[in-house]
């Protein structure tokens, strides 16, 4: 019999003191006997030992206590037996495609209706968007029906293979996977390959097709550009019908409404423009309803102008970070050699001292500014090393810094979390030769680190404020720690960081495609097109307007294939059936460990009750 914890068998040695204890019990009282008994003394001495053993074995209390010790030792060792158990067919993972195309006619409603037919004793439900979301895990039929009543489709592209992978992790003891989709478009691996992989692990995978071909006219592309001091929106309408279509656009901006009309040939596209966009939200809507409404309206966000005051504190004058911030529109940047007594006028503060450590008064002023809702960026340098920063300044940073590390051959960076701060920034091309050895503070989030795991871009919260640590020192020439400031992405990074911290950012930060993700400095309420959520990471999975940290962000589908409602998933179903490997042998059982410690504890409990009964029967209790 195998044991999970064989070292616990050492507890069996406890039976030795028990045996010794019973052998050393007080002997009967000895009395004088006639001398005729002397001849029998030797024989009696030989029998005495055997008599003691015999009485010991016949004592029920000894036997009970012996078995109790043995069973407790065995239970601690966790004995088990291995058996081959049949794979459970009672756990069903239902994957429902929640992509934008599922909003066509009644596709999603049909998918939910079909899902009800597959509800079993144990159920898990996964919504397959661009990021699979498990909305129910290992629950009964009642919970499954309630969950199916509440799910809604999104406006992203479905990652069906990713959803199947998530479902496989839930079926460690077997079961089946049911995927309900229109199978017209997907991202990630081919669903046929995902099905084959799942079946090779012995899982039963079934694809259920919903939807039929319909007509649609939608806005499949859009871009905002600054033209001569104003903003122009350029959009593309596509007609998926087999006949020419007259398209009427209603443009609502700044409280006024205008219209545009144009013909679009069958299965063709037509570009249009909207000039002089007003600040705020503009809606461009195709007035004629069709089978897919999510692509009939394009939302455009133009940020309201507000000049941001930014303070850069540094003991050197030539600073790439200061130069990058100074070139940004609607941002007024000030360079100082120290922290002023009043920081209330600044949107955020950049601490970029190279050698001079901040004085205690400066740290106190900066700490008060941050805790009351201010934002600050700390750029790595000798001044922020563990020896120079001091405990009070370390408490204001999202990382705990140590000494300076010299990497002769250089070290490379890798993105830990994909966000808008890391998007389009080639951190893998940054060569780092000197950096601070740092560790992430509890509650902070690291977006970029070295390959050894040292944080290089981290953020966190202090009181009501936000703090960012940038491990890429921006010193120049022979003092340079890295080559980041030489890359064309350097000003782009500071542009993104300034926008994230409360600056204006770029116009693209206000106009996103569904499926985008952004990280927030702290957990906060955001307004989505469907309601209010309290999050620290925003997944833009709906088309419409989001309000995040006071910014209005327009989100649109903009996906040609997802808008093509004439596509059908029959081809994929046929291909999945044709490519199914007949040589795949589905396992019908799995090896299960059946632990026996529980049964041993029950026996011990019954033996203790028996011991108490015997003691009471003897009148010793």
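In my numbering, the protein residues as written are 107 to 727.
Note that the Cβ used here is the ideal one computed from N, Cα and C, for glycine as well.
query: Looking only at its own chain, which residues have a Cβ that is under 6 Å from the Cβ of residue 380, when we skip the five neighbours before and after it?
result: Stepping through the chain shown from its first residue, residue 380 is reached at position 274. Result list for residue 380: 339, 357, in chain order.
message: Just to confirm my understanding: we take residue 712, look at its own chain, exclude 5 residues before and 5 after, and list those with CB closer than 8 Å. What are they?
response: The residue you call residue 712 lines up with position 606 of the chain shown. For residue 712, there are no CB contacts under 8 Å within the same chain when 5 residues up- and downstream are skipped.
field: Where the beta strand (DSSP E) through residue 381 begins and ends
entry: Taking the first residue of the chain shown as position 1, residue 381 is located at position 275. Here residue 381 belongs to no beta strand (DSSP E), and DSSP marks it neither H nor E.
query: Would you report the Cα separation of residue 506 and residue 543, rounded to the nearest angstrom?
result: Within the chain shown, residue 506 is the residue found at index 400, counting from 1. Within the chain shown, residue 543 is the residue found at index 437, counting from 1. Their backbone Cα atoms lie some 9 Å apart in a straight line.
query: Buried or exposed: where does residue 468 fall if 16 or more other Cβ atoms within 10 Å of its Cβ makes it buried?
result: Position 362 of the chain shown holds residue 468. By the neighbour-count rule (16 or more Cβ atoms within 10 Å), residue 468 is buried.
- prompt: The alpha helix (DSSP H) spanning residue 272 covers which residue range?
  reply: Here the question's residue 272 lines up with position 166 in the chain shown. Where residue 272 is concerned, the enclosing alpha helix (DSSP H) stretches over 266-276.
- request: Please check if any C-beta of chain D sits within less than 8 Å of the C-beta of residue 520.
  value: Among the chains of the structure shown, chain D does not appear; only one protein chain is present.
- prompt: Quick one: what does DSSP say residue 441 is sitting in, helix, strand or coil?
  reply: Along the chain shown, one-based indexing puts residue 441 at 335. DSSP places residue 441 in strand when its eight states are reduced to three.
Burial state of residue 592, where buried means 16 or more other Cβ atoms lie within 10 Å: Here the question's residue 592 lines up with position 486 in the chain shown. The residue in question, residue 592, is exposed, as its Cβ has fewer than 16 Cβ neighbours within 10 Å.
- prompt: How would you call residue 632, buried or exposed, if buried means at least 16 neighbouring beta carbons within 10 angstroms?
  reply: Taking the first residue of the chain shown as position 1, residue 632 is located at position 526. Classification of residue 632: buried, given that the 10 Å Cβ count is 16 or more.
- request: Measure the Cβ-Cβ separation of residue 118 and residue 109 and say whether it is below 8 Å.
  value: Translated into the one-based positions of the chain shown, residue 118 becomes position 12. Translated into the one-based positions of the chain shown, residue 109 becomes position 3. No, they are not a contact pair.
- prompt: Taking all protein chains shown into account, do 16 or more other C-beta atoms lie within 10 angstroms of the C-beta of residue 442, making it buried, or fewer, making it exposed?
  reply: In the chain shown, counting from the first residue as 1, residue 442 sits at position 336. By the 10 Å Cβ count, residue 442 comes out exposed.
task: Look up residue 597 in the DSSP assignment and give the residues it is bridged to.
output: Looking up residue 597 in the chain shown gives position 491. DSSP output for residue 597 lists no bridge partner at all.
query: Are the beta-carbon atoms belonging to residue 453 and residue 414 less than 8 Å from one another?
result: Sequence index remark: in the chain shown, residue 453 carries index 347 (1-based). Sequence index remark: in the chain shown, residue 414 carries index 308 (1-based). The Cβ atoms of residue 453 and residue 414 lie closer than 8 Å to each other.
field: Those runs of the beta strand (DSSP E) which lie wholly inside the region 620-680 and span at least 3 residues
entry: DSSP runs (the beta strand (DSSP E)) wholly in the region 620-680: 623-634, 637-645, 650-654, 657-662.
- prompt: Is there contact here, the region 313-320 with the region 654-666, by at least three beta-carbon pairs under 8 Å?
  reply: With fewer than three CB-CB distances shorter than 8 Å, the region 313-320 does not count as touching the region 654-666.
- prompt: Do the region 170-179 and the region 194-213 touch if we need at least three Cβ pairs shorter than 8 Å?
  reply: Judged by pairs of C-beta atoms under 8 Å, the region 170-179 does not touch the region 194-213, as fewer than three such pairs exist.
field: Residue span of the beta strand (DSSP E) that contains residue 521, given as start and end
entry: Indexing the chain shown from 1 puts residue 521 at position 415. That run of the beta strand (DSSP E) goes 519-521.
message: I'd like to check one pair, residue 472 with residue 445: are the Cβ atoms closer than 8 Å?
response: As a position in the chain shown, residue 445 is number 339, starting the count at 1. As a position in the chain shown, residue 472 is number 366, starting the count at 1. Yes, Cβ-Cβ distance for residue 445 and residue 472 is below 8 Å.
message: Considering just the uninterrupted stretch of the alpha helix (DSSP H) at residue 209, what are its terminal residues?
response: On the chain shown, residue 209 is found 103 positions in, with the first residue counted as 1. If you look at residue 209, you'll find it isn't in any alpha helix (DSSP H); DSSP assigns it neither H nor E.
- prompt: How many angstroms separate the CA atom of residue 730 from the CA atom of residue 714?
  reply: Only positions 107 to 727 of the chain appear in this structure, which leaves residue 730 out of reach.
- prompt: To the nearest angstrom, how far is it from the Cα of residue 614 to the Cα of residue 634?
  reply: On the chain shown, position 508 is the one that residue 614 refers to. On the chain shown, position 528 is the one that residue 634 refers to. When rounded, the distance between both Cα atoms is 18 Å.
message: By DSSP's criteria, residue 310 is part of a beta bridge. Which residues make up the other side?
response: On the chain shown, residue 310 is found 204 positions in, with the first residue counted as 1. 282.
query: For residue 198 versus residue 282, is the C-beta spacing smaller than 8 Å?
result: The residue you call residue 198 lines up with position 92 of the chain shown. The residue you call residue 282 lines up with position 176 of the chain shown. Yes, these two residues count as a Cβ contact at 8 Å.
task: Determine the DSSP secondary structure at residue 216, reduced to helix, strand or coil.
output: Translated into the one-based positions of the chain shown, residue 216 becomes position 110. Three-state DSSP puts residue 216 in a helix.
message: Rounded to the nearest angstrom, what separates residue 725 and residue 170 at their Cα positions?
response: In the chain shown, the residue the question calls residue 725 occupies position 619. In the chain shown, the residue the question calls residue 170 occupies position 64. Straight across, the Cα-Cα distance linking residue 725 with residue 170 is about 18 Å.
query: If you run the structure through DSSP and keep just helix, strand and coil, what is residue 532?
result: Taking the first residue of the chain shown as 1, we reach residue 532 at position 426. If DSSP states are grouped into helix, strand and coil, residue 532 belongs with coil.
As assigned by DSSP and simplified to three states, the class of residue 247: The count along the chain shown starts at 1 and reaches residue 247 at position 141. In this structure, DSSP gives residue 247 a helical state, which the three-state scheme calls helix.
- prompt: Buried or exposed: where does residue 145 fall if 16 or more other Cβ atoms within 10 Å of its Cβ makes it buried?
  reply: The residue you call residue 145 lines up with position 39 of the chain shown. At residue 145 the pLDDT is 47, less than 50, meaning the model places this residue with poor confidence; the figure from the coordinates comes in the next sentence. By the neighbour-count criterion, in which 16 or more other beta carbons inside 10 Å mark a residue as buried, residue 145 falls on the exposed side.
- prompt: With respect to the alpha helix (DSSP H) encompassing residue 562, which residues constitute its N-terminal and C-terminal limits?
  reply: Along the chain shown, one-based indexing puts residue 562 at 456. Not the alpha helix (DSSP H): residue 562 falls in the beta strand (DSSP E), residues 561-568.
task: Kindly indicate which three-state DSSP category residue 414 falls into: helix, strand or coil?
output: The residue given as residue 414 occupies position 308 in the chain shown. Note: residue 414 maps to strand in three-state DSSP.
- request: Starting from the N-terminal side, write out each stretch of the beta strand (DSSP E) that is 3 residues or longer and does not extend beyond the region 312-389.
  value: When DSSP assignments are scanned along the region 312-389, the uninterrupted stretches of beta strand (DSSP E) that are 3 or more residues long and fall wholly within it turn out to be 323-333, 336-345, 351-359, 362-370, 374-380.
query: Measuring CB to CB, does residue 535 end up less than 8 Å from residue 564?
result: Working through the chain shown from its first residue, we reach residue 535 at position 429. Working through the chain shown from its first residue, we reach residue 564 at position 458. In this structure, residue 564 does not lie closer than 8 Å to residue 535 by Cβ.
- prompt: On the premise that residue 342 lies in contact with residue 375, defined as a C-beta separation below 8 Å, what is that separation, rounded to the nearest angstrom?
  reply: As a working note, residue 375 is residue 269 in the chain shown. As a working note, residue 342 is residue 236 in the chain shown. Their Cβ separation, rounded to whole angstroms, is 5 Å, which keeps residue 375 and residue 342 in contact under 8 Å.
task: Let me know the secondary structure DSSP gives residue 116 once reduced to three states.
output: For this step, residue 116 is matched to residue 10 along the chain shown. Helix.
- request: Kindly list the residues whose CB is nearer than 6 Å to the CB of residue 486, restricted to its own chain and excluding five residues on each side of it in sequence; keep chain order.
  value: By one-based count along the chain shown, residue 486 stands at place 380. Cβ within range, chain order: 542, 577, 579.
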